[in-house]
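Visitor: Numbering (UniProt numbering), first residue to last: 1 to 677.
Every residue, glycine too, gets a C-beta built ideally from N, C-alpha and C.
1. Quick one: which unbroken alpha helix (DSSP H) runs of 4-plus residues sit fully inside the segment 579–665? Chain order, please.
2. According to DSSP, residue 415 sits in a beta bridge with which residue or residues?
3. Quick one: Cα of residue 19 to Cα of residue 151, how far?
4. Taking residue 706 as part of the alpha helix (DSSP H), name the residues at either end of that continuous run.
5. Does the beta-carbon of residue 478 have 16 or more other beta-carbons within 10 angstroms, so that it is buried, or is it exposed?
6. Report the option in 105, 91 and 111 whose CA atom is closest to the CA atom of residue 132.
7. Is residue 407 helix, strand or coil by DSSP?
8. Does DSSP put residue 669 in a helix, a strand or coil?
9. Residue range of the alpha helix (DSSP H) that residue 104 falls in?
10. In angstroms, rounded to a whole number, what distance separates the CA positions of residue 242 and residue 406?
11. Any beta carbon from chain B within less than 8 Å of residue 111's own beta carbon?
12. Distance, Cα to Cα, residue 98 vs residue 85?
13. Secondary structure at residue 390, three-state DSSP: helix, strand or coil?
14. To the nearest angstrom, how far is the alpha carbon of residue 485 from that of residue 647?
15. Grab me the residues of residue 624's own chain with a C-beta within less than 6 Å of its C-beta, minus the 5 sequence neighbours each way, in chain order.
16. Does DSSP put residue 572 in a helix, a strand or coil?
17. Please name the residue, chosen from 126, 378 and 100, that lies closest to residue 114 on a Cα-to-Cα basis.
18. Which of the three DSSP states is assigned to residue 535 in this structure?
19. Taking the DSSP output, what are the residues bridged to residue 675?
20. Using the three-state DSSP reduction, which class does residue 566 fall into: helix, strand or coil?
21. Could you say which of 398, 558, 429 and 88 lies nearest to residue 30 if we only look at CA atoms?
22. Would a C-beta distance cut-off of 8 Å place residue 650 and residue 574 closer than the cut-off?
23. In angstroms with no decimal places, state the Cα-to-Cα distance between residue 380 and residue 657.
24. Hey, residue 63 and residue 266: beta-carbon distance below 8 Å or not?
25. Pick out whichever of 466, 622, 386 and 455 has its Cα sitting closest to the Cα of residue 420.
26. Using a Cβ distance threshold of 8 Å, determine whether the segment 385–394 contacts the segment 449–468, with at least three qualifying pairs required.
27. Tell me which residues share the same chain as residue 214 and place their Cβ nearer than 6 Å to its Cβ, disregarding the 5 neighbours each side in the sequence.
28. Inspect the beta-carbon positions of residue 600 and residue 614 and report whether they are closer than 8 Å.
29. In whole angstroms, give me the CA-to-CA distance for residue 273 and residue 237.
30. Quick one: what's residue 525 bridged to in DSSP?
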C-alpha cells in the first residue's frame with residue numbers, strides 16, 4: 001500500500017480549506033440572522049441596540065466575516081483571510097450572546113446561564129480587536145511579515161494579544177456594569193502570580209501599535225501591485241479615523257463610529273480580489289477632494305459667521321451671508337482642489353502645456369549631451385508620476401550611445417520609439433506602477449507629446465555622439481597611418497639612403513686612385529637610389545593609388561587587369577563591373593582597388609590557374625567584390641601578408657571578408673558598406 005506523500009497531504013488540506021471556510025461562514029450567517037430575528041421579534045428599541053453596542057458589533061462582525069469568507073474561498077492559504085474570518089466570527093458571537101444576555105437580564109434571570117452568556121459576551125470580542133485584526137493588518141496583503149526584522153513584531157503581537165485578552169477576562173470588575181457578581185467572568189479566584197504574568201504580557205501591547213505602522217511602511221517601500229493593495233487599506237483606515245475622531249469629540253450618537261469600521265475589511269477584500277477593477281487611485285482622488293472641500297467650506301462658513309455677526313448685528317443675517325459665500329465658492333474651490341489633487345496623484349496629465357513648457361525649458365538650459373537625457377527622464381517622471389523611466393539614444397540595431405535611468409522597473413514596461421524626421425534615434429521606456437488608469441487618456445496623450453518633443457533633442461545627442469566617434473576613428477586612423485609611414489621611412493628608406501651616402505663618399509675617395517672600383521660603387525649607388533625611389537613611390541602609392549586620382553575606380557581596374565592579361569605566362573583574366581557603378585566614398589574606393597589588385601596578384605603568384613575573374617556589384621547599400629579562379633584544389637590557405645591586409649581593410653570600414661580554396665578553385669569575397677559612419 002503506497003504511503004501518502006507531503007504533496008498528497010498538501011492537496012487534501014487545500015481541498016478541506018474551502019469546506020472549513022464555508023462552515024464557519026455558515027455559522028456566522030446563523031449567528032447574524034438569529035440576532036437580527038430576535039431584535040425584530042422582540043421589537044428591541046434602536047436606542048437599546050445602540051447603547052449595548054449590538055448594532056456596532058453586528059456591523060463590524062459582518063464586514064470582517066464576509067471579507068474573510070470571500071478571501072479564503074478565492075485565495076489559497078490566505079492567512080489574512082482566515083484572520084479576518086476569525087475576527088468576524090468572534091464579533092458575531094459577541095452580538096448573538098449579547099442579544100440573548102440582555103433578553104435574560106430584562107426578564108430578571110441572573111443564574112448560571114446568564115453568567116455564562118455574560119462571560120462569553122464580554123470576553124469573546126477582545127481577541128478579535130487585540131490579536132486577530134492587528135495581526136491581519138500587519139500581514140496584509142501577502143500573509144507574511146514585511147521583512148525579517150518584522151517577524152519579532154508579529155510574535156510580540158501574538159503575545160500581547162493573548163496577554164491582553166486573558167487580562168481582560170480576569171478583570172474582577174468586568175461584570176459590575178451588568179449588575180452581576182463583582183469578579184472576573186472566567187474564574188472567581190486567580191493567583192497573584194498569574195495576574196502578574198498576564199499584566200507583563202499585556203505590556204507588549206505597544207507592539208500592536210507598532211504593527212499598525214506596517215501598512216504605511218509597505219506603502220512607502222513596496223512598489224507595484226502590493227503598494228496598490230495597501231493603498232486600499234490605508235484609505236479605509238484614514239476615512240474611518242476622519243469620521244470616528246470628530247464624531248467621538250462631538251458626542252455624535254455611537255452607531256456612526258462602528259458603522260464606518262467595516263470600511264476596513266471591505267477595503268481589504270477589494271484590495272485582494274478586485275483592486276484593479278475598482279481603481280483605488282480614483283477613490284483616493286475623490287475622497288481627498290471632498291474632504292478638503294468640506295473642511296475649506298466649513299472653515300469659510302465659520303469665519304464669515306464669526307466675522308460678520310458683529311458687523312451686521314444679527315447672527316441670522318451672518319448665517320445667510322455665510323451660506324451665500326459657500327454656495328458661490330463651491331464650484332471654483334472644488335475645481336482648484338481637483339486640479340491640485342490630480343497633479344499630486346497623476347502628475348501633469350491635466351496640464352500638458354505646463355509639462356511641455358517644462359521640458360522645453362530644461363532642454364534649452366541643457367548645454368551638453370550629458371544633460372539632455374537626464375532632463376527628458378526627469379521631466380517625464382515628474383509630469384506623469386512614473387516610478388521608472390529610461391531614455392536611450394542610439395539607432396535601431398546598434399548599441400545605445402547613451403542610456404539614462406530613473407527609478408527601478410517593478411512590473412510591465414512600455415517602450416516608445418523616439419523619432420526625428422521619420423528616423424528612429426532612441427527609445428523611451430516607462431513603467432506605470434500598476435496604476436488602474438495606466439497611461440490611458442490624457443496621460444497617454446501627454447506622453448505622446450513629450451515623446452515627439454524629445455525626439456529632436458535625442459537626435460542631436462545621437463549626431464553629437466556619432467560625430468565624436470567619427471573624429472576618434474579618424475584620429476586613430478591618422479595615427480596608425482603616421483606610425484606606418486614612420487616605420488617604413490625609418491626601417492626602409494632611411495638605411496637605404498644612408499648606404500647611398502656612404503658608397504658615394506667611398507666612390508669619391510677612390511675615383512682618383514681606383515677608378516674601376518669607384519665605378520662599381522657608383523653603379524651600386526645608382527641601384528640603391530632607384531630602390532629608394534621605388535620605396536618612396538610605394539609609400540605614396542600606399543596612401544592612395546595615383547591611378548584612382550587620375551582615372552577613377554573603373555578605368556584604374558580595367559587598366560590594371562589589361563596589364564596583367566598582357567603577360568604571356570599569365571592566366572586569362574576577366575573583369576565585370578556594373579554599368580551604373582555609383583560614386584563611392586574615398587575609403588571604399590581605395591579598399592576595393594587594393595583588394596582586387598592584391599587578390600589578382602595572389603592568383604598570378606600562387607594559384608596556377610588558367611582563368612580568373614574579378615566581379616564587383618552593388619547590393620543592399622554595400623559594394624560586393626569577388627575574385628575567383630580555376631586553380632587546382634590544394635590544402636587550406638594559410639593567411640599571409642596579402643590576405644591579412646585585405647581582411648584588415650574590410651574590417652576597418654565595417655565590412656566583411658572571406659578567402660578559401662574550393663574544389664573549383666580559389667574564391668575571395670568581400671563587402672564594403674557604402675554609408676560610412
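Guide: Let's see:
1. 586–602 and 641–652
2. 429
3. 30 Å
4. Outside the displayed span of the chain (1 to 677) sits residue 706, for which this structure offers no information.
5. exposed
6. 91
7. strand
8. strand
9. 79–106
10. 36 Å
11. The chain inventory of the structure shown lacks chain B, comprising one protein chain alone.
12. 20 Å
13. strand
14. 20 Å
15. 617 and 671
16. strand
17. 100
18. helix
19. For residue 675, which the question treats as bridged, DSSP gives no partner whatsoever.
20. coil
21. 88
22. no
23. 45 Å
24. yes
25. 455
26. yes
27. 138 and 146
28. yes
29. 18 Å
30. Answer is none; residue 525 lacks a bridge partner.
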